[in-house]
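Remarks on the structure that follows.
Number of protein chains: 2
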Amino acid sequence: MAVHLSVPEFLLPIKGIRLATINAGIRYKNRDDMVLIEAAEGSSVAAVFTRNAFCAAPVTVARAHLAQAPIRYLMINAGNANAGTGSEGLAAATTTCEALAQVAGVNTNQVLPFSTGVIGVQLPVAKVTSALPELVASLTEDNWMKAARAIMTTDTLPKGISKQVSIGGQTITITGIAKGAGMIHPNMATMLSYIATDAQVEASFLQQTLSSVVDDTFNCITIDGDTSTNDALVLIATGASGVAVGENELATFHAALKEVCLFLAQAIVRDGEGATKFIDVQVEQARSREEAHTVANTVALSPLVKTALFASDPNWGRILAAVGRSPIDSLDVSRISIYLGDTLLVKGGQPSPDYTEAQGQAETKKDEIKIRISLGRGDAVANVWTCDFSFDYVKINAEYRS
Amino acid sequence: MAVHLSVPEFLLPIKGIRLATINAGIRYKNRDDMVLIEAAEGSSVAAVFTRNAFCAAPVTVARAHLAQAPIRYLMINAGNANAGTGSEGLAAATTTCEALAQVAGVNTNQVLPFSTGVIGVQLPVAKVTSALPELVASLTEDNWMKAARAIMTTDTLPKGISKQVSIGGQTITITGIAKGAGMIHPNMATMLSYIATDAQVEASFLQQTLSSVVDDTFNCITIDGDTSTNDALVLIATGASGVAVGENELATFHAALKEVCLFLAQAIVRDGEGATKFIDVQVEQARSREEAHTVANTVALSPLVKTALFASDPNWGRILAAVGRSPIDSLDVSRISIYLGDTLLVKGGQPSPDYTEAQGQAETKKDEIKIRISLGRGDAVANVWTCDFSFDYVKINAEYRS
């Protein structure tokens with residue numbers, strides 16, 4: 001049951017982007033499990049990928065293709081990650097790109113492949129390739145919602161958002177979709193997310209903006225600490241609106257893109273496996289953003305903190321213990337304050353004399369919980385967003401393959 | 403339900419050590435929750451403590467006392483950690499030491515206090531102090547088993563072992579006890595463990611040997627990645643056997659102590675919260691022991707690996723993904739092999755062509771599972787021992803305070 005997240009009411013089409021979905025029967029019956037996204041000729045494409053050394057075959061192929069040629073197609077399947085599949089998996093990813101290139105009339109390296117699902121099972125290549133003609137034939141601008149659904153695995157809801165901003169008096173549109181919902185601890189990108197805009201943005205600007213925004217959004221969420229083998233996020237700027245984003249407009253575009261990425265990243269947490277609470281861990285007054293992130297991350301990953309919050313138990317000693325074991329230099333606990341919502345728990349390393357269990361309970365009973373930790377030794381801030389740790393997380397992950 | 407662990411059949415007394423237990427009513431009814439351990443005058447005492455910056459008040463006091471005077475008493479309570487209790491907690495720890503010193507006729511700094519249990523609740527000082535006269539009066543050499551029971555919190559079984567070895571033709575005895583069972587990810591020591599020997603060992607030798615042994619035993623276990631605020635391990639050498647351990651005998655003593663510590667550390671894992679499987683993660687052919695430990699630790703901490711093993715699911719892709727995200731330099735996956743028991747899963751970064759799901763299932767159905775990862779770039783080895791992640795872990799930790 002996702003926390004304060006519902007099906008997007010609408011997703012705006014992006015001029016220059018067409019999408020199609022199909023049930024290729026890769027793993028799921030009775031639902032679409034493949035998506036094709038076409039970018040108009042002349043689009044700029046930026047992407048970030050997982051830093052997992054055992055990255056999936058499609059990640060390896062996508063990285064190579066991105067460096068070689070202007071990208072025209074993103075080909076995505078759910079239900080099979082094509083990860084841990086060795087040279088056979090690499091060949092499978094390349095073969096499916098070749099097949100699509102032939103059907104669509106482009107070069108193989110103009111296709112980026114993506115997979116999500118079970119690791120260690122070979123991709124059923126024939127199922128993918130035989131779905132391609134119908135996919136290409138059914139491309140339309142209006143399929144964003146269907147695409148958001150077709151990339152889901154253990155997600156309970158499709159995730160997407162559209163945003164319009166004015167640049168030089170003209171409107172540009174950004175639409176993005178994403179999927180989670182386990183093995184979520186992104187390092188440069190999350191599981192799968194696709195964002196497009198009709199703005200015209202030069203490729204190096206686009207990549208630079210995306211990398212910066214991802215550092216503050218997708219790289220600040222965690223569900224279970226497990227960085228996926230398949231994380232990938234692609235941002236396409238088709239330019240079809242005719243509105244150019246130059247250096248002067250970059251701040252506006254950056255802010256709009258950040259809003260989209262933040263929504264999608266938090267949506268993944270809200271729909272994290274077994275999630276019943278959305279938890280915002282904010283660390284302030286740190287020496288550096290990295291230090292703040294490290295402490296926030298340690299708290300956000302603590303199974304003891306997460307199980308306590310699942311039980312709505314204001315067991316703040318577990319928060320304190322997680323702060324105390326954070327791998328940062330010479331932490332002086334006498335400068336630390338900790339808040340649960342607006343309730344002061346710890347001040348100068350000491351339990352707050354005014355704190356009552358009833359206050360703590362009132363905060364932990366909420367389904368959106370804010371933990372705020374002040375280190376008292378600098379002015380850097382970082383947030384990490386996570387969810388609680390419930391019976392259902394264990395259930396979902398113990399039964400995932402059965 | 404502990405994995406292959408039973409109540410110790412016997413625990414041998416150590417000459418020069420007397421113990422007593424009592425129900426002080428700190429948290430538990432109908433069971434003893436305080437232990438007093440007395441070391442004969444002239445004993446050498448070594449100890450290691452948690453590195454959590456928010457260490458508990460008794461840890462702070464014990465560290466100070468250990469540096470000041472020859473230790474005569476260890477005073478332990480279960481049910482209240484006296485952690486996150488600020489200056490009031492520090493005063494409470496000192497007050498209880500003063501009270502015991504008065505009853506027992508020693509100096510305050512000859513007492514080491516220890517607490518385990520809920521964090522963030524003030525220690526009921528009066529309950530502790532009023533139990534002291536009876537505790538001192540009932541000290542005997544034969545109470546090791548009762549002490550092993552009285553220090554338990556969420557442990558389901560008492561943990562202890564005795565070992566005898568011959569040194570220069572004479573027998574020395576080592577007896578140790580320990581308790582877990584959550585917030586277990588020791589950094590220099592585990593929750594609480596007390597070990598004593600009648601050998602005569604000079605204090606600096608004793609500390610050196612203990613620190614080295616702990617690095618290979620207690621510091622290699624993890625249940626949930628949460629390093630406790632209260633971890634403490636104390637080793638007492640009473641010398642009452644009259645058998646001196648000098649430089650020549652140190653190797654024999656080291657080996658015997660390691661056996662005791664390894665048993666106790668693994669016993670904590672076997673009785674980890676909700677544990678149904680005992681998992682040995684071994685990383686070989688690493689560039690350094692630290693690198694091997696880092697990779698083993700990443701796998702041992704992965705909630706996805708641990709939930710899969712709870713379900714006896716040989717979902718080895720999750721092992722591979724955890725290896726791939728390990729924070730070590732320039733990992734070359736093409737040199738990596740992964741085994742589950744004797745079954746080869748991955749060879750040279752590729753899935754083993756001979757692997758069958760039935761083989762994997764046969765391994766994961768066992769209640770003792772060995773994961774072996776060869777990095778193919780050095781000759782260092784490290785093991786991390788952990789347990790699976792079950793419904794009961796969530797249940798125990800969601801309900802711990804209720």
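Here the protein sequences come in this chain order: A and Z. Heads up: the first sequence begins at 1 in our numbering, then just goes up one per residue. Heads up: the second sequence begins at 403 in our numbering, then just goes up one per residue. Virtual Cβ for every residue (Gly too), placed ideally from N, Cα, C.
Any chain Z beta carbon closer than 8 Å to residue i
{"i": "Val-48 (chain A)", "result": "no"}
{"i": "Ile-119 (chain A)", "result": "yes"}
{"i": "Gln-350 (chain A)", "result": "yes"}
{"i": "Thr-85 (chain A)", "result": "yes"}
{"i": "Pro-303 (chain A)", "result": "yes"}
{"i": "Phe-310 (chain A)", "result": "yes"}
{"i": "Glu-399 (chain A)", "result": "yes"}
{"i": "Thr-229 (chain A)", "result": "yes"}
{"i": "Asp-226 (chain A)", "result": "yes"}
{"i": "Val-59 (chain A)", "result": "no"}
{"i": "Arg-287 (chain A)", "result": "no"}
{"i": "Ala-2 (chain A)", "result": "no"}
{"i": "Thr-307 (chain A)", "result": "yes"}
Helix, strand or coil at residue i according to DSSP, with G and I counted as helix
{"i": "Gly-447 (chain A)", "result": "Here chain A covers residues 1 to 402 and nothing more, so residue 447 (chain A) does not appear."}
{"i": "Val-384 (chain A)", "result": "strand"}
{"i": "Glu-649 (chain Z)", "result": "helix"}
{"i": "Phe-456 (chain Z)", "result": "coil"}
{"i": "Ser-804 (chain Z)", "result": "Note that Ser-804 (chain Z) scores 49 on pLDDT, short of 50, meaning its location in the model is unreliable and no value can be drawn from it."}
{"i": "Val-3 (chain A)", "result": "coil"}
{"i": "Phe-680 (chain Z)", "result": "strand"}
{"i": "Val-295 (chain A)", "result": "helix"}
{"i": "Met-145 (chain A)", "result": "helix"}
{"i": "Leu-746 (chain Z)", "result": "strand"}
{"i": "Gln-122 (chain A)", "result": "coil"}
{"i": "Ser-334 (chain A)", "result": "helix"}
{"i": "Thr-364 (chain A)", "result": "helix"}
{"i": "Pro-515 (chain Z)", "result": "strand"}
{"i": "Ile-319 (chain A)", "result": "helix"}
{"i": "Ala-311 (chain A)", "result": "coil"}
{"i": "Ile-369 (chain A)", "result": "strand"}
{"i": "Ala-181 (chain A)", "result": "coil"}
{"i": "Thr-555 (chain Z)", "result": "coil"}
Any C-beta of chain A under 8 Å from that of residue i
{"i": "Met-590 (chain Z)", "result": "At Met-590 (chain Z), the pLDDT of 40 sits below 50, so the modelled position is not reliable; the number obtained from the coordinates is stated separately. Closer than 8 Å: no."}
{"i": "Leu-594 (chain Z)", "result": "no"}
{"i": "Trp-787 (chain Z)", "result": "no"}
{"i": "Leu-733 (chain Z)", "result": "yes"}
{"i": "Glu-692 (chain Z)", "result": "no"}
{"i": "Asn-454 (chain Z)", "result": "yes"}
{"i": "Val-796 (chain Z)", "result": "yes"}
{"i": "Ala-724 (chain Z)", "result": "yes"}
{"i": "Arg-727 (chain Z)", "result": "yes"}
{"i": "Gly-719 (chain Z)", "result": "yes"}
{"i": "Ser-776 (chain Z)", "result": "no"}
Beta-carbon gap between residue i and residue j smaller than 8 Å
{"i": "Ser-736 (chain Z)", "j": "Gly-726 (chain Z)", "result": "no"}
{"i": "Leu-11 (chain A)", "j": "Gly-160 (chain A)", "result": "yes"}
{"i": "Ile-37 (chain A)", "j": "Ala-147 (chain A)", "result": "yes"}
{"i": "Ala-311 (chain A)", "j": "Asp-628 (chain Z)", "result": "no"}
{"i": "Leu-90 (chain A)", "j": "Thr-116 (chain A)", "result": "no"}
{"i": "Ala-398 (chain A)", "j": "Thr-709 (chain Z)", "result": "yes"}
{"i": "Ile-798 (chain Z)", "j": "Gly-317 (chain A)", "result": "no"}
{"i": "Leu-421 (chain Z)", "j": "Trp-546 (chain Z)", "result": "yes"}
{"i": "Ile-638 (chain Z)", "j": "Ile-771 (chain Z)", "result": "no"}
{"i": "Pro-716 (chain Z)", "j": "Gly-780 (chain Z)", "result": "no"}
- request: Kindly confirm or deny that the stretch 568-584 of chain Z and the stretch 545-560 of chain Z touch, where touching means at least three C-beta pairs closer than 8 Å.
  value: Touching, yes.
message: For the stretch 691-705 of chain Z against the stretch 613-625 of chain Z, do three or more pairs of beta-carbon atoms, one drawn from each stretch, fall closer than 8 Å, so that the two count as touching?
response: Contact holds: three or more Cβ-Cβ distances are below 8 Å.
task: State whether the stretch 197-204 of chain A contacts the stretch 160-179 of chain A, with contact taken as three or more CB pairs (one from each stretch) at a distance under 8 Å.
output: They touch, by the three-pair rule.
field: contact_flag[the stretch 643-654 of chain Z, the stretch 750-764 of chain Z] where n(CB pairs < 8 Å) is 3 or more
entry: They do not touch, by the three-pair rule.
Start-end ranges of the beta strand (DSSP E) lying completely within the stretch 587-675 of chain Z, minimum 3 residues: Positions of the beta strand (DSSP E) runs, each at least 3 residues long and wholly inside the stretch 587-675 of chain Z, are given as 594-599, 634-639 in order along the chain.
- prompt: Given 8 Å as the limit, is there contact between the stretch 246-265 of chain A and the stretch 63-80 of chain A, that is, 3 or more CB pairs closer than that?
  reply: With a cut-off of 8 Å on Cβ pairs, the stretch 246-265 of chain A is not in contact with the stretch 63-80 of chain A, counting fewer than three such pairs.
query: Are the stretch 670-690 of chain Z and the stretch 775-783 of chain Z in contact at 8 Å, needing three or more beta carbon pairs?
result: Yes, the stretch 670-690 of chain Z is in contact with the stretch 775-783 of chain Z.
- request: Pick out the complete beta strand (DSSP E) segments inside the stretch 7-94 of chain A, 3 residues or longer, and give them in chain order.
  value: You should have 17-22, 34-39, 44-49, 73-80.
- prompt: Is there contact between the stretch 482-490 of chain Z and the stretch 670-683 of chain Z, where contact requires at least three CB pairs shorter than 8 Å?
  reply: The stretch 482-490 of chain Z is not in contact with the stretch 670-683 of chain Z.
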